[in-house]
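Written below as C-alpha cells is the structure these notes are about.
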Amino acid sequence: MPVRQRQGKALERRTISITRTEEAIVVSEHGNKAATVATSPETNKPSADHYKQQLETVLNNATVALFIMDEHQQCSYMNPAAEALTGFTFAEVQGRALHDMIHHTRPDGTPYPLEECPIDRAFPENNQEQGEEIFVHKNGTFYPVAYTASPICEAGTVVGTIIEVRDIAREKADQEAREALTRATRQQARQFQQLAEAAITINSTLSLEATLQRVTEHARLIIGAHQSVTSLTTDNHWSQAITAVSLSDKYAAWREYHVPTDGSGIYTIVCRENRPIRMTQAELEAHTAWRGFGTEHRRHPPMRGWLAAPLTRPDGQNIGLIQLSDKYSGEFTAQDEAILVQLAQLASSAIEHARLYAEARAAIQIREQFLSIAAHELRTPLTSLLGYVQLLQRRMQRSGGSIDQRSERSLQQIVTQALRLNKLIESLLDVVRIQSGRLAIERQPIDLQHLLTGVVDELLLTTTTHHLRLHAPMQRLIVDGDELRLAQVFVNLIQNALKYSPHGGVIDITITQQGAQACVAVRDQGIGIPEAAIGQLFQRFYRVGGAPMQHISGMGIGLYVVKEIVSLHGGTVAVESVEGVGSTFTVCLPLPEPPESGRA
Amino acid sequence: MNILIVDDDDAIRDAFGDILRDEGYAVATAANGQEALAYLRQTSQLPDLILLDLAMPVMSGWEFRAAQRQDPVLQAIPVVVVSADRGAQQHPATIDVDAYLPKPVLLETLLDTVERFVV
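Heads up: the protein sequence lines correspond to chains A and B, in order. Under our numbering, the letters of the first sequence match residues 845 to 1444, in that order. Under our numbering, the letters of the second sequence match residues 1192 to 1310, in that order.
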C-alpha cells in the first residue's frame, strides 16, 4: 500500500542541464565509480567544466536512484544507481514513460495504470509527491521503494520532474523482523499470563473431573491447538482412566467421541518414561506405529503433529498425560512444550489436592457413620440395663419393709451412671450433627428468665456444696430460639461452673440487656482457666491440661457444642478468667427487632 | 390388657416384658415386623397397644407400620415407637404413630405412656 505525503508547492529551483557523458566516469580498479577533477591550471580556480564534473561525480556516485522526466513525462535522465535498482539501462528507458517500465504492475499481479500513480501526478499538479511504492524490476521481481517526485520549474513553468528513489527492501525486512519479534514477545507474555490465570482457575476446584476439564481446555487455548485430551489412570489401570477432551469448532463433529486411552502405543513412552514428547506432522507420519493417526481414524479425530506431557504424583509415579494435536498454525515449538510441562505440573498438584480432599471427605463421612451407628448400638444395651435396674428398684420398693438402704443407693447409682453414659452418647452425636450441618434450630419466643429458672432449679438438685444465684432484670427478655438447645447451653455452662469449683462456692447467673442483645453471664469462684488455654477453649475435644484439672473428667465437647448452638442462634459466647479466682462465661443472643412503630 | 412388644433385641424384650408383667399386663413379643404381623394375624386376642422398635432385620418398624395401616383389622391398634433412632423423633410424621419414646427410656415414662393407651 503506497504511503504518500504532500509537501506543498515545489520551490522555484535552479535548473541544470545535464547530459550524461560516459567519459567523465572513471571506473576504479575495484569497480567503484571514482571521480576525475578538472581544474584550470592558470587561475587554479574551478572552471565551469569543473562544476559540471563535480555534479556528474555526485550524480554518478549517489546511492539514491535519480530520474529526470521531461515535460512529456518521458525519462530524460537516470543515474547509475537508478540503473542498478531497476535493472534497466538508461538507453532502454530514455524517451519512454518510466511508469510503464518499472511501475506497471501491482504485487498482486493486477495492472497499475499511470493515471493512478502518485509519482506521475507531481508534474501536472505542480506538487511534490512523497511516499512508498512497490516497483517491478526488469527481471519481474517486486521491490519496495521510498520516493520523492519534485516538479522542476523554470520561470514559473513546470518543465519536468526529478524523482529520487531509495530501495527500502532491507528496512522493510528489518521492520518485519522487529514486528515478528514484538508479536512473539507479546504472544509469550500473553501465554505466561494465561498460564498464571490457569493456575488460579485450576486450583479453584476440588473436584477431580472439573480439574481435568479445566486443565484440558487451558492447555488447548494457551498453546493454540484444535485438540486437547487429558487422561488420568486409576492405580495404573488404563481401563478405568478418566478422560477429559477439549476440541475446537474444527472438530465439532467429534465433540461426543469418547475413547478411553489405553496407555498403549504413543502414550506408553510419555507415561513409562515420564517425559514430554513433541513431534511434527512429518515425524508422526514417518513413524511406522503412528502413521495411521494422521488420517481420520474410525475411533478418534485425525492427528496433526503431537505434543504430550506426563502427569505425575509427588512421588514421581506417572498417573497419566496431557496431549495436544493440530496446532492452529505451524508445528509445536519448544516453548509450547515448556508451557505444557508447566500446565501438566499444575494439573498434577491440583489432581493430588482433589484426591486428598476426596479421601478426607470420605474419612469424615465414615467417621460420622461410625459415630451414628455406635450411638445406636450403645443405646440398645443401655435400654435393657436401665430397664432391669429400675425393675429391681420397683420390686424392692414393693416388697416393703426389708429395704436395704445401701443396696437401694447402689441401684440408684447404676441408674444415674447409665443416664450419664446416655448423655455422653448424646454429646458425641451432637458433635456429629454440628459437623455435618444437621443440628437444626427450631425457633420460638423464649423467656430467658423462665428458661434459666427451670435450669437452675434442676441443677440445684445435683449439688449441696454450691450456691446458685439467678439475677434477672425487671423487664422480661424474650429471644427467638430453640428451647431445648438453649437449655442445653446453660446446663452445660452451669455444670462446668459446678465442676470447676470443686470446693463449692457461689455461682452467679446474671441476665442483662446490652443494646440489641440479651446476655447471660455465668460466674464461678472456681479454679479458673490458664490464659494460654482460653483461645482453644471452644475447640472440639479440647481439654485444659495442668494439675488442677487432672481429676476432673470430660470429653472436651461441652463448650464446643455451646459455641455452635449459640452461633446457630446468631449469638456469641465469651470467657473471662483468672486462675485461682474464677471464670465468667457470657452468652449474648440477639433480641428480636422491635416493631417499626416503636417508642421513637 | 394386652401389649405386643416388637424389638429385635431379646434383652430389651425381656426387660420391658418383665416390667409390664409386674404391672399386670399380658405381654406378647416379636423379634421383627414380620413376626409381629404373623402373630397379629393368627391371634384370637388382639393387643391393646404395640411397642414398636424401628431398626430391625427382616422387616423394619417402618415397613411393619406401613403394612399395619393397610390392614383394616390391625390399623386401629395404637402404636408407640420405642427407638434409639433419633431421626424418627425429628420426623414423626413419616411414620405417623401415637407416641414416640427415645431409648433408653425411664421406667416411669414407659409406664405412664402405656397407661395413656391401655385403660
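Glycine included, C-beta positions come from ideal geometry on N, C-alpha and C. In this text the structure is predicted, and so the values were computed from the model without any measurement.
query: Out of curiosity, what's the CA-to-CA distance linking ALA1013 (chain A) and LEU1184 (chain A)?; result: 38 Å
query: Identify each residue in the stretch 1285-1300 of chain B for which the Cβ-Cβ distance to at least one residue of chain A is less than 9 Å, and report them in chain order.; result: PRO1293, LYS1294, PRO1295, VAL1296, LEU1297, LEU1298, GLU1299
query: Could you tell me which of A:ASP1248, A:PHE1334, A:ALA1365, A:ARG1282 sits nearest to PRO1317 (chain A), measuring between CA atoms?; result: A:ALA1365
query: At the 8 Å Cβ level, is THR1306 (chain A) part of the contact set with chain B, yes or no?; result: no
query: Between VAL1275 (chain A) and ILE1401 (chain A), is the Cβ-Cβ spacing less than 8 Å?; result: yes
query: Would you say ASP1276 (chain B) faces chain A, with C-beta separation under 8 Å as the test?; result: yes
query: Using beta carbons (cut-off 8 Å, strictly below), is LEU1230 (chain A) in contact with chain B?; result: yes
query: Let me make sure I understand the geometry here. Which of A:GLN1288, A:PRO1346, A:GLU1375 has the alpha-carbon closest to that of HIS1445 (chain A)?; result: Within the shown structure, residues of chain A are numbered from 845 to 1444, placing residue 1445 (chain A) beyond reach of any answer.
query: Quick test of your reading: TYR956 (chain A) and ARG950 (chain A), contact by CB under 8 Å. State the CB separation rounded to the nearest angstrom.; result: 5 Å
query: Near ALA1275 (chain B), what residues of its chain come up, given a Cβ to Cβ distance below 6 Å and the 5 sequence neighbours on each side ignored?; result: LYS1294
query: Could you compute how far the alpha carbon of GLN1233 (chain B) sits from the alpha carbon of ALA1257 (chain B)?; result: 19 Å
query: Is the distance from the Cβ of ILE1210 (chain B) to the Cβ of LEU1298 (chain B) below 8 Å?; result: yes
query: By how many angstroms is the C-alpha of ILE1194 (chain B) removed from the C-alpha of GLU1306 (chain B)?; result: 11 Å
query: Using a Cβ-Cβ distance cut-off of 8 Å, determine whether ASP1209 (chain B) contacts chain A.; result: yes
query: Just the Cα atoms here: how many angstroms apart are THR1308 (chain A) and ILE1371 (chain A)?; result: 19 Å
query: Straight-line CA distance for PHE979 (chain A) to THR985 (chain A)?; result: 8 Å
query: Using a Cβ cut-off of 8 Å, pull out every chain A residue sitting near ALA1222 (chain B), in sequence order please.; result: What ALA1222 (chain B) touches in chain A: nothing, since even the nearest Cβ is about 13 Å away.
query: Within the 8 Å Cβ cut-off, does ALA1257 (chain B) reach chain A?; result: no
query: Based on the DSSP secondary-structure assignment, which residues constitute the bridge partners of CYS997 (chain A)?; result: A:VAL1002
query: Identify the contact partners of HIS1197 (chain A) in chain B, using a Cβ-Cβ distance below 8 Å as the criterion.; result: What HIS1197 (chain A) touches in chain B: nothing, since even the nearest Cβ is about 34 Å away.
query: Counting only the same chain and skipping the five closest in sequence on each side, list residues whose C-beta sits under 7 Å from that of GLY875 (chain A).; result: With a pLDDT of only 43 at GLY875 (chain A), under 50, the local geometry of the prediction cannot be trusted, and the value read off the model is given with reservation. Excluding sequence neighbours, GLY875 (chain A) sits near nothing in its chain.
query: How would you write the range of the beta strand (DSSP E) that ILE1121 (chain A) sits in, first residue to last?; result: 1121-1123
query: For MET945 (chain A), name the three-state secondary structure that DSSP assigns.; result: helix
query: In its own chain, which residues sit with a C-beta less than 8 Å from the C-beta of GLY1325 (chain A), not counting the 5 before and 5 after it?; result: ILE1285, ARG1287, GLN1288, ILE1290, HIS1413, LEU1433
query: With distances taken from CA atoms, which of B:ALA1222, B:ALA1227, B:ALA1229, B:ASP1239 is nearest ASP1289 (chain B)?; result: B:ASP1239
query: Please decide whether ASP1262 (chain B) counts as near chain A, where near means a Cβ-Cβ distance under 8 Å.; result: no
query: Going straight from the alpha carbon of ARG940 (chain A) to that of ILE1006 (chain A), what length do you get?; result: 15 Å
query: Taking all protein chains shown into account, decide if ALA1088 (chain A) is buried (16 or more other Cβ within 10 angstroms of its Cβ) or exposed.; result: buried
query: Roughly how far, in whole angstroms, is the beta-carbon of VAL1271 (chain B) from the beta-carbon of LEU1243 (chain B), given that I think they are within contact range, below 8 Å?; result: 7 Å
query: Quick check on DSSP: helix, strand or coil for PRO1145 (chain A)?; result: coil
query: Measuring from the CB of THR1055 (chain A), is there a heavy atom of the ligand MN at a distance below 7 Å?; result: Among the components of this structure there are no ligands whatsoever, and the ligand MN is therefore not found.
query: Of all the options A:GLY931, A:GLN1186, A:TYR1095, A:GLN1383, which has the alpha carbon lying nearest to the alpha carbon of LEU1039 (chain A)?; result: A:GLN1186
query: Put GLU1286 (chain A) into one of helix, strand or coil per three-state DSSP.; result: coil
query: Could you pull the start and end residues of the alpha helix (DSSP H) that MET1240 (chain A) belongs to?; result: 1178-1243
query: DSSP has PHE934 (chain A) in a bridge; who is on the other side?; result: Bridge partners of PHE934 (chain A): none, in fact.
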